[in-house]
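Worksheet: one structure, shown below.
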Amino acid sequence: MFPKPRQDLVPNTAEFERLPLVKVTGFREYDARWLYPQEVNLLGMEAVGLGLTTLMRERGVPVRIVVGHDFRSYSAAIKAALVTGLLAGGARCHDIGLALSPMAYFAQFDLDVEGVAMVTASHNDNGWTGIKMGIDRPLTFSPEDMTALKEIVMNAKFAPYHEGARYIYVPDMPERYMADLLKHPKLTRRLKVVVSCGNGTAGAFAPHVLSALGCEVIPLNCELDHSFPAHNPNPEDLAMLNATRDAVMEHKADLALVFDGDGDRCGVVDNTGEAIYADKVGVMLARDISALNKNAHFVVDVKSTGLFKTDPVLQANGAKTDYWKTGHSYIKRYSHETGALVGFEKSGHFFFNPPIGRGYDDGLVAATAVLDMLDRNPDKTLAELKDALPRTWQSPTMSPHCADEAKYGVVDRVVKHFEDVAANGGKLAGQNIRELITVNGIRIVLDDGTWGLVRASSNKPELVVVVESPTSEENMRAIFAEIDKELSKQPEVGEYNQKI
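Everything in the sequence shown is counted per UniProt numbering, starting at 1 for the first residue and increasing by one.
This is the structure in structure tokens:
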């Protein structure tokens, strides 16, 4: 019988080598993230594999699963331990090797396999590992799925051993994945594109695909190096965006496409070197797509710009937009369930449903949509398309540290504070509060449309803060000052990763 995971084991001890370590905090809202080896060891990953097969049997899903891993120094070992647990649970494992997360999602369709377990820390710093999981393509786990898996693993409620385990290595999935992307017609407009990968996994695939589509590719940090010597592969990271801006200006490029560590997100920098936040890119794409698909339905997360509701072009095209919870699993699922054409998340996860895509987030599919938009506007630069949007002043995503055990309680107190201010007729930044949206943390909307969001991060020990104003930079900074003042009163809240 496989032992019950412990939470108190320490590396470089005998117990660490003979017992599973799994910190319960690693089971997050919709995927798993741990520091390795402080919070999970290899036997702990075996336990997760056993738990996943148990959950699939409980749900009546055939225990067939795609596994892949990102480019970290330890990811292959983590995946091998996970596969050991899956095989012990009687799974048929299709190992696609080094992969992007969307490549693993594609493999579910290409191999006609129900499950996926992609070992990736995504854009997290080195030292992190994790798994993006799903058993109902194209969806990934919901909070209810993660809770069920957590209960199985942490209580060692594993199903009895099942025969039928089989390991299948799939050597050519990268070629099959890229060939599928290249079914897209070649671009008619020749574009010079900086492809910025931060030395992450996307560097092995993105330059080839974009070049084959007809772009003149200028690679930036596309050599794989798991030490990430330049900066973290994160399209929201200012260091990555600044390096990409410099490359755009040096090469006089038409744009840059910026990929995260596992290739499911895409950031955009325009021909002037200015980063366009993903929600603004979403508005631009929604304009383009809704012109071809009347009365198109979109879903966006609560971190996103208010332009999805107020943009006159979207209104004229009859587009409808719903706001929903932040998180790639939430937006993916809600887009799928509501039949939305596209789901946009401010972090850069875009979900193109049929006929454009298969419903999962793929940075290269998003990049192709941006290139198509430029192809359909041959007399416009990307900056001109961006400048055609109504102007707003918007912050990047800002993340003050807050421990996983404390962050939800802190958000609850912050929500109550602003609810009390609104209930008592108080003002913020000199304005009345027009609306409070509490579907995911709190989004405070003032009279002039200025808004600020506070929520708990779904996958890291931190909070998430975003602010925007349609009227002035001063009002954007004023709402941030109100939020920052309240957060400074919470002793559990630490330093920001970046601030305006």
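Using N, Cα and C, we set each Cβ at its ideal position, and we do this for glycine too.
Relative to the C-alpha of Phe344, which residue among His297, Met373, Ala388, Gln315 is closest? Walking along the sequence shown from the start, residue 344 turns up at place 344. Looking at the Cα atoms, His297 is the closest of the given residues.
Relative to the alpha-carbon of Val454, which residue among Met398, Gln431, Ala478 has its alpha-carbon at the smallest distance? If you number the sequence shown from 1, residue 454 lands on position 454. Taking only the C-alpha atoms, the option nearest Val454 is Met398.
Among Gly318, Thr140, Phe109, Thr438, the one whose alpha carbon lies nearest that of Lys52: In the sequence shown, residue 52 corresponds to position 52, counting from 1. It should be noted that the sequence gives Leu, not Lys, for residue 52. Here the closest residue by C-alpha is Thr140.
What does the alpha-carbon distance come out to for the pair Trp451 and Ser472? Stepping through the sequence shown from its first residue, residue 451 is reached at position 451. Stepping through the sequence shown from its first residue, residue 472 is reached at position 472. A straight-line Cα-Cα distance of about 12 angstroms links Trp451 and Ser472.
Meets three-Cβ-pair contact criterion under 8 angstroms: the region 64–84 and the region 142–150: These segments do not touch.
Under 8 angstroms by Cβ, that's how I've got Ala456 and Leu463 pegged, so tell me the actual separation to the nearest angstrom. In the sequence shown, the residue the question calls residue 456 occupies position 456. In the sequence shown, the residue the question calls residue 463 occupies position 463. Indeed, because the Cβ distance is near 6 angstroms, the residues count as touching under 8 angstroms.
Which value, in whole angstroms, describes the spacing of the CA atoms of His231 and Leu292? In the sequence shown, the residue the question calls residue 231 occupies position 231. In the sequence shown, the residue the question calls residue 292 occupies position 292. Each residue's alpha carbon lies about 38 angstroms from the other.
Counting C-beta neighbours from all protein chains within 10 Å, is the total for Arg190 16 or more, i.e. buried, or is it exposed? Numbered from its first residue, the sequence shown carries residue 190 at position 190. Answer is exposed; the Cβ neighbour count stays below 16.
Is it the case that the Cβ atoms of Val281 and Val268 are separated by a distance below 9 angstroms? Sequence index remark: in the sequence shown, residue 281 carries index 281 (1-based). Sequence index remark: in the sequence shown, residue 268 carries index 268 (1-based). Taking 9 angstroms as the Cβ cut-off, Val281 and Val268 qualify as a contacting pair.
Ser75 versus Arg33, Thr120, Gly164, residue with shortest Cα-Cα distance: Here residue 75 is taken as the residue at index 75 of the sequence shown, counted from 1. Among Arg33, Thr120, Gly164, the Cα nearest to that of Ser75 is on Thr120.
Going straight from the alpha carbon of Leu86 to that of Ala117, what length do you get? On the sequence shown, residue 86 is found 86 positions in, with the first residue counted as 1. On the sequence shown, residue 117 is found 117 positions in, with the first residue counted as 1. So the alpha carbons of these two residues sit roughly 10 angstroms apart.
Host beta strand (DSSP E) of His94 (start-end): Counted from its first residue, the sequence shown places residue 94 at position 94. Note, His94: beta strand (DSSP E), 92–98.
Specify the secondary structure class of Ile135 as computed by DSSP and reduced to three states. Working through the sequence shown from its first residue, we reach residue 135 at position 135. The answer is coil: DSSP assigns Ile135 none of H, G, I, E or B.
Nonlocal neighbours in the same chain, by C-beta distance under 6 angstroms from Val170, ignoring five residues either side: The sequence position of residue 170 within the sequence shown is 170, counting from 1. Closer than 6 angstroms at Cβ, skipping near neighbours: His94, Ile96.
In the DSSP assignment, find the unbroken alpha helix (DSSP H) run with Glu482 in it and report its ends. Locating residue 482 in the sequence shown gives position 482, where the first residue counts as 1. Residues 473–488.
Which two residues bound the contiguous beta strand (DSSP E) that contains Gly115? Start at 1 with the first residue of the sequence shown, and residue 115 comes out as number 115. Segment 115–119, the beta strand (DSSP E) holding Gly115.
Coarse secondary structure for Tyr408, derived from DSSP in three states: By one-based count along the sequence shown, residue 408 stands at place 408. In this structure, Tyr408 counts as helix in the three-state DSSP scheme.
Taking the beta carbon of Tyr105 as the centre, do at least 16 other beta carbons fall within 10 Å, making it buried, or is it exposed? As a position in the sequence shown, residue 105 is number 105, starting the count at 1. That one is buried.
Under 8 angstroms: do the region 397–416 and the region 471–491 share three or more Cβ pairs, one atom per stretch? yes
Do the CB positions of Pro102 and Asp361 come within less than 9 angstroms of each other? Against the sequence shown, residue 102 aligns to sequence position 102. Against the sequence shown, residue 361 aligns to sequence position 361. Closer than 9 angstroms, so yes.
Note down, in chain order, each residue of its chain lying with its Cβ closer than 7 angstroms to the Cβ of Pro219, except the 5 sequence neighbours on either side. Here residue 219 is taken as the residue at index 219 of the sequence shown, counted from 1. Within the same chain, Val195, Pro207 come within 7 angstroms of Pro219 by CB-CB distance, once the 5 residues on both sides are set aside.
With a 10 Å radius around its C-beta and 16 neighbouring C-beta atoms as the bar for buried, classify Arg376 as buried or exposed. Taking the first residue of the sequence shown as 1, we reach residue 376 at position 376. Looking at its Cβ environment, which holds fewer than 16 other Cβ atoms inside 10 Å, Arg376 is exposed.
Are Ser329 and Glu29 touching if we call contact CB-CB under 9 angstroms? Position 329 of the sequence shown, counting from 1, holds the residue named residue 329. Position 29 of the sequence shown, counting from 1, holds the residue named residue 29. Against a cut-off of 9 angstroms, the Cβ pair of Glu29 and Ser329 comes out as a contact.
Residues sharing a beta bridge with Cys266, DSSP: Taking the first residue of the sequence shown as 1, we reach residue 266 at position 266. According to DSSP, Cys266 bridges with Phe259.
Beta-ladder partner(s) of Ser196, from DSSP: Here residue 196 corresponds to residue number 196 of the sequence shown, with the count starting at 1. Per DSSP, Leu220, Val258.
Taking buried to mean at least 16 other C-beta atoms within 10 Å of its own C-beta, is Ser122 buried or exposed? In the sequence shown, counting from the first residue as 1, residue 122 sits at position 122. Answer is buried; the Cβ neighbour count reaches 16.
Given a threshold of 16 other Cβ atoms within 10 Å of its Cβ, counted over all protein chains shown, does Asp372 qualify as buried or as exposed? Here the question's residue 372 lines up with position 372 in the sequence shown. Buried, by the Cβ-count rule.
Lys320 lies in the beta strand (DSSP E); which residues open and close that run? The sequence position of residue 320 within the sequence shown is 320, counting from 1. Looking at the DSSP string, the run of the beta strand (DSSP E) that includes Lys320 is 320–324.
Cβ separation of Thr305 and Glu435, assumed to be a contact under 8 angstroms, to the nearest whole Å: Here residue 305 corresponds to residue number 305 of the sequence shown, with the count starting at 1. Here residue 435 corresponds to residue number 435 of the sequence shown, with the count starting at 1. About 15 angstroms separates the two Cβ atoms, so there is no contact after all.
Mind checking which residues open and close the alpha helix (DSSP H) that includes Leu191? On the sequence shown, residue 191 is found 191 positions in, with the first residue counted as 1. Run containing Leu191: none; DSSP gives neither H nor E here.
Rounded separation between Val370 and Ala159 - CA only: Here the question's residue 370 lines up with position 370 in the sequence shown. Here the question's residue 159 lines up with position 159 in the sequence shown. Taking the straight line from one Cα to the other gives about 46 angstroms.
Could you tell me the alpha carbon to alpha carbon distance between Cys222 and Asn432, rounded to whole angstroms? Here the question's residue 222 lines up with position 222 in the sequence shown. Here the question's residue 432 lines up with position 432 in the sequence shown. If I take the Cα positions, the gap works out to 48 angstroms.
Would a C-beta distance cut-off of 9 angstroms place Gly359 and Ser458 closer than the cut-off? The residue given as residue 359 occupies position 359 in the sequence shown. The residue given as residue 458 occupies position 458 in the sequence shown. The answer is no: Cβ separation not under 9 angstroms.
With distances taken from CA atoms, which of Arg57, Lys23, Gly134, Asn126 is nearest Asp67? Counting from 1 along the sequence shown, the entry for residue 67 is found at position 67. In the sequence as presented, Asp is not what sits at residue 67; that position holds Val. Looking at the Cα atoms, Gly134 is the closest of the given residues.
Are the region 39–58 and the region 149–156 touching, with three or more C-beta to C-beta distances below 8 angstroms? yes
Using beta-carbon positions only, say whether Val342 and Leu257 come within less than 9 angstroms of one another. Sequence index remark: in the sequence shown, residue 342 carries index 342 (1-based). Sequence index remark: in the sequence shown, residue 257 carries index 257 (1-based). Cβ atoms of Val342 and Leu257: not closer than 9 angstroms.
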